[in-house]
Amino acid sequence: MKKRLTGILLSLCLLSSLIIGCGTKAENSETIALTENTNAAASTAVTVKTADTDAADLKDTWDESAATMVNLQGTAIAVDGAGAIGAGSILTIDAAGTYVLSGTLNDGQIVINATKDDEIHLVLDGVDITNLSGAPIYAPQCDKLIVTLAEGTTNSLTDGGENFAYAESADKEPNAALFCKDDLTINGTGSLQVAAGFQNGIGSKDDLLIVSGNISIKAADHGIRGNDSVTVLNGAIEITSNGDGIQTNSTEDAEKGWIIIEDGNFKIHSGHDAIQADTSLCINGGSFELTAGGGSTKTAPENAESDSYKGLKAEGDIQITAGSIVIDSLDDSIHSNGSIIINGGTLELAAGDDGIHADKDLTINSGVINVNGSYEGLEGSNVYITDGEIAVVSSDDGINAAGGSDGATTGGMFGPDRFGGNGDYSIQISGGNVTVTAGGDGLDSNGTITISGGRILSIINSTPDNEALDCDGEVAITGGTVIYGGTGTGAAPGADAAQSYVYVTGISAGKEVSVKKDGQTILSFIPEQDCQYLILTSPDIVKGGSYEVYSADTLLSTVTAGEGGSTGHGFGGGFGGGSRGGKMGEAGGERVRPDMDMPDKRGTERAQKPGI
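Our numbering applies: residue 109 is where the sequence shown begins, and numbers increase by one.
Encoded structure:
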């Protein structure tokens with residue numbers, strides 16, 4: 109069957125892709141888009157497709173003179189026109205055409221059983237349909253069912269709940285109050301209220317397209333389910349569901365099962381995932397208020413590691429280009445079993461587990477991202493940050509590459525995470541304003557940490573075995589302003605660092621800390637907690653220079669850049685090239701952390717977590 113959407117780009121991401129692309133394209137074509145990640149080792153080619161558009165998908169008007177008019181009369185149906193037959197409280201539509209429905213059915217059903225080439229335009233012009241033993245609207249066969257919500261009308265569908273009986277028991281169908289075995293489109297400016305006490309609210313066995321409308325769903329299982337795809341262009345959608353809010357589930361074709369959202373207002377309270385794609389998920393705009401699994405403060409159930417309670421989830425890749433997204437999730441707020449790229453939007457996240465997790469790579473190129481509470485804030489096999497306003501609060505690590513390097517063997521309440529990639533794990537930051545407040549390590553990598561630009565603040569309030577910057581390989585700071593420290597003794601870069609630094613101790617919360625030279629402020633910030641130590645580095649701090657460090661108006665000390673610090677517990681490697689470390693303030697030398705030769709059990713065990 110020829111699939112028709114509305115000029116939307118579907119990301120069919122290669123397994124090795126770091127970047128996925130989706131958006132709007134005027135002409136229909138298949139193309140290869142070359143997208144460059146300046147932090148990655150090489151550019152990544154991504155295959156994207158556009159599909160044909162039917163004008164009928166967008167058409168929410170009709171010609172009454174050519175339409176069949178149907179009046180629902182409680183226990184009877186009056187039909188004026190061709191293509192439909194009313195028998196008691198059952199309306200059967202068996203031919204292509206436009207059918208305008210109004211009135212009430214106390215216990216009845218609309219059945220669309222046409223040919224596989226017939227397109228049915230069903231206008232809901234103020235209906236209230238209840239089926240005490242099944243689905244109010246059931247389309248076992250047609251080419252496409254287009255449902256228009258007439259302007260100014262409220263339409264209601266109520267299924268049979270616990271008395272629901274499948275019309276096709278072998279296929280267990282229909283499984284939604286509004287169910288189409290073929291493509292389903294919903295448009296119009298009216299309202300649709302769905303009470304699905306049995307399983308799903310709205311379902312399509314093929315592609316499901318929502319152009320517009322005010323849709324409210326209460327579902328015993330999933331709110332909206334499209335097997336092959338779900339595309340939303342606009343509309344106001346409110347869902348309360350015991351299962352997922354919006355879901356795809358394509359088990360027969362690996363290139364299907366995607367979700368694309370262009371715009372709209374979404375309020376979803378889901379018992380499991382709020383939005384879950386079987387392959388890729390792309391959000392290009394819209395306003396989202398998502399609560400998954402009862403929210404981040406709820407206690408996880410006993411089967412937490414086998415079930416999923418995420419805000420946005422995809423088995424493949426996720427791309428976010430715009431939108432206002434607020435998520436409160438029992439599990440990860442955003443989770444991909446592939447890669448994630450964020451090119452814009454505003455994200456406010458509260459997670460019982462990870463704020464944003466990618467099994468493969470997490471790339472942030474723009475946007476405002478606030479992880480207001482999490483077990484771990486941002487994590488992926490590799491984490492690339494080129495720009496954006498990012499603030500992370502975590503009870504464990506703030507930014508994590510492939511499970512980190514602290515030797516822990518457990519994850520959050522959902523157990524260890526898994527990671528893909530080839531083992532060359534890294535955190536690479538080349539721009540942006542990044543603030544991390546962590547109860548574990550601040551930035552934690554199973555490989556390397558490279559900072560070449562931006563402003564990075566990493567403050568930890570943790571046990572002595574954690575660090576504000578921690579990795580198994582090398583830490584290289586070659587640009588940008590970096591401030592890190594907190595509890596413990598910390599470690600300064602050493603005399604061979606590519607970019608010099610100032611080391612200070614005994615910093616009080618709430619008082620502006622500033623580094624000055626000859627009365628001119630080089631950099632400053634206000635710590636939210638007491639810091640036993642701080643390291644401040646920027647291109648404006650020159651090795652060997654004398655600098656004054658102030659707390660508010662009080663001079664704490666005059667220090668020499670590139671000197672000072674503690675060797676008590678330092679990086680798992682060198683800092684900024686040169687030697688692999690060196691005692692603080694001394695060139696050369698050897699600095700080995702006590703656990704340097706220990707295997708990272710945490711990284712190994714995290715890789716075994718199922719991709720839920």
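Note that the Cβ used here is the ideal one computed from N, Cα and C, for glycine as well.
Determine the direct distance from the alpha carbon of residue j to that of residue i, and round the result to whole angstroms.
{"i": "Tyr-609", "j": "Gly-652", "result": "10 Å"}
{"i": "Ile-310", "j": "Asn-392", "result": "23 Å"}
{"i": "Glu-456", "j": "Ile-220", "result": "43 Å"}
{"i": "Asp-580", "j": "Pro-601", "result": "15 Å"}
{"i": "His-377", "j": "Ile-218", "result": "29 Å"}
{"i": "Ser-404", "j": "Gly-598", "result": "32 Å"}
{"i": "Ala-328", "j": "Asn-357", "result": "17 Å"}
{"i": "Asp-638", "j": "Val-621", "result": "11 Å"}
{"i": "Asp-290", "j": "Glu-363", "result": "18 Å"}
{"i": "Gln-249", "j": "Thr-176", "result": "19 Å"}
{"i": "Leu-300", "j": "Asp-386", "result": "26 Å"}
{"i": "Gly-678", "j": "Asp-549", "result": "In this prediction, Gly-678 has a pLDDT of 32, which is less than 50 and means its spatial position is unreliable; nothing more can be read from the coordinates."}
{"i": "Gly-684", "j": "Ile-537", "result": "Residue placement at Gly-684 is flagged as unreliable, the pLDDT there being 34, under the threshold of 50; a coordinate-derived value is accordingly withheld."}
{"i": "Asp-160", "j": "Leu-253", "result": "Confidence in Asp-160 is poor, its pLDDT being 43 and thus under 50, which makes the residue's placement too unreliable to answer from."}
{"i": "Gly-540", "j": "Ala-278", "result": "55 Å"}
{"i": "Gly-618", "j": "Glu-397", "result": "33 Å"}
{"i": "Ala-400", "j": "Lys-280", "result": "27 Å"}
{"i": "Gly-260", "j": "Gly-298", "result": "5 Å"}
{"i": "Asp-225", "j": "Lys-421", "result": "35 Å"}
{"i": "Gly-593", "j": "Ile-567", "result": "5 Å"}
{"i": "Asn-335", "j": "Gly-562", "result": "43 Å"}
{"i": "Val-590", "j": "Gly-431", "result": "29 Å"}
{"i": "Glu-346", "j": "Ile-323", "result": "6 Å"}
Where do the N-terminal and C-terminal ends of the beta strand (DSSP E) with residue i fall, by residue?
{"i": "Ala-247", "result": "245-249"}
{"i": "Asp-436", "result": "432-437"}
{"i": "Leu-565", "result": "563-568"}
{"i": "Ala-509", "result": "507-509"}
{"i": "Leu-257", "result": "252-257"}
{"i": "Asn-445", "result": "Run containing Asn-445: none; DSSP gives neither H nor E here."}
{"i": "Thr-471", "result": "469-481"}
{"i": "Gly-488", "result": "484-488"}
{"i": "Gly-539", "result": "No beta strand (DSSP E) holds Gly-539; DSSP gives it neither H nor E."}
{"i": "Asn-263", "result": "262-266"}
{"i": "Asp-552", "result": "551-553"}
{"i": "Thr-399", "result": "395-400"}
{"i": "Phe-287", "result": "284-288"}
For the candidate residues the options, whose alpha-carbon lies nearest to that of residue i?
{"i": "Ser-646", "options": "Ala-584, Asn-271 and Thr-666", "result": "Ala-584"}
{"i": "Thr-262", "options": "Asn-283, Asp-251, Ile-450 and Leu-232", "result": "Leu-232"}
{"i": "Pro-635", "options": "Thr-176, Glu-671, Leu-565 and Gly-403", "result": "Leu-565"}
{"i": "Leu-642", "options": "Ser-665, Pro-248 and Val-302", "result": "Ser-665"}
{"i": "Val-235", "options": "Asp-225, Thr-266 and Thr-206", "result": "Thr-266"}
{"i": "Glu-370", "options": "Ala-362, Ile-347, Ser-395 and Asp-386", "result": "Ser-395"}
{"i": "Ala-303", "options": "Leu-209, Lys-421, Gly-268 and Ala-576", "result": "Gly-268"}
{"i": "Leu-486", "options": "Asp-495, Tyr-592, Ile-535 and Thr-454", "result": "Ile-535"}
{"i": "Ser-197", "options": "Asp-549, Ala-458, Leu-213 and Gly-189", "result": "Leu-213"}
{"i": "Ala-509", "options": "Ile-630, Pro-409, Glu-484 and His-330", "result": "Glu-484"}
{"i": "Val-667", "options": "Val-623, Leu-631, Asp-352 and Ala-660", "result": "Val-623"}
{"i": "Thr-183", "options": "Asn-239, Ala-190, Asp-162 and Thr-399", "result": "Asn-239"}
{"i": "Ala-163", "options": "Glu-227, Thr-429, Gly-379 and Ile-568", "result": "Glu-227"}
If we call anything under 8 Å between Cβ atoms a contact, is residue i one with residue j?
{"i": "Arg-333", "j": "Asn-295", "result": "no"}
{"i": "Asp-425", "j": "Ser-388", "result": "yes"}
{"i": "Ala-222", "j": "Ala-203", "result": "yes"}
{"i": "Gln-640", "j": "Gly-588", "result": "no"}
{"i": "Ser-723", "j": "Lys-468", "result": "Any question about residue 723 goes unanswered here, given that the chain covers just 109 to 720."}
{"i": "Tyr-533", "j": "Ser-553", "result": "yes"}
{"i": "Asp-462", "j": "Asp-440", "result": "yes"}
{"i": "Ile-442", "j": "Gly-419", "result": "yes"}
{"i": "Ser-349", "j": "Gly-331", "result": "yes"}
{"i": "Gly-506", "j": "Val-544", "result": "yes"}
{"i": "Tyr-207", "j": "Leu-180", "result": "no"}
{"i": "Ile-464", "j": "Ile-493", "result": "no"}
{"i": "Glu-423", "j": "Asn-445", "result": "yes"}
{"i": "Ala-344", "j": "Gly-372", "result": "yes"}
{"i": "Val-178", "j": "Leu-209", "result": "yes"}
{"i": "Asp-168", "j": "Thr-256", "result": "yes"}
{"i": "Ile-433", "j": "Gly-402", "result": "no"}
Over what stretch of residues does the alpha helix (DSSP H) that includes residue i continue unbroken?
{"i": "Asp-165", "result": "163-166"}
State yes or no: is the C-beta of residue i nearer than 7 Å to some heavy atom of the ligand PLP?
{"i": "Ala-275", "result": "The ligand PLP is not part of this structure, which contains no ligands at all."}
Which ranges would you report for the beta strand (DSSP E) in the segment 313-391 if only whole runs of at least 3 residues count?
Taking only runs of at least 3 residues, the beta strand (DSSP E) segments lying wholly in the segment 313-391 are 315-318, 322-327, 332-334, 337-340, 344-349, 354-356, 366-369, 373-378, 383-385 and 389-391.
Those runs of the beta strand (DSSP E) which lie wholly inside the segment 621-670 and span at least 3 residues
Within the segment 621-670, complete beta strand (DSSP E) segments of at least 3 residues are found at 621-625, 628-633, 639-645, 654-659 and 662-668, given in chain order.
Any alpha helix (DSSP H) of 4 or more consecutive residues that is wholly inside the segment 162-249
If only uninterrupted alpha helix (DSSP H) runs of at least 4 residues are considered, those enclosed by the segment 162-249 are 163-166.
Just to confirm the assignment: which complete beta strand (DSSP E) runs, minimum length 3, are found wholly within the segment 576-601?
Runs of the beta strand (DSSP E) spanning 3 or more residues and lying entirely within the segment 576-601 occur at 577-579, 583-585 and 589-594, in chain order.
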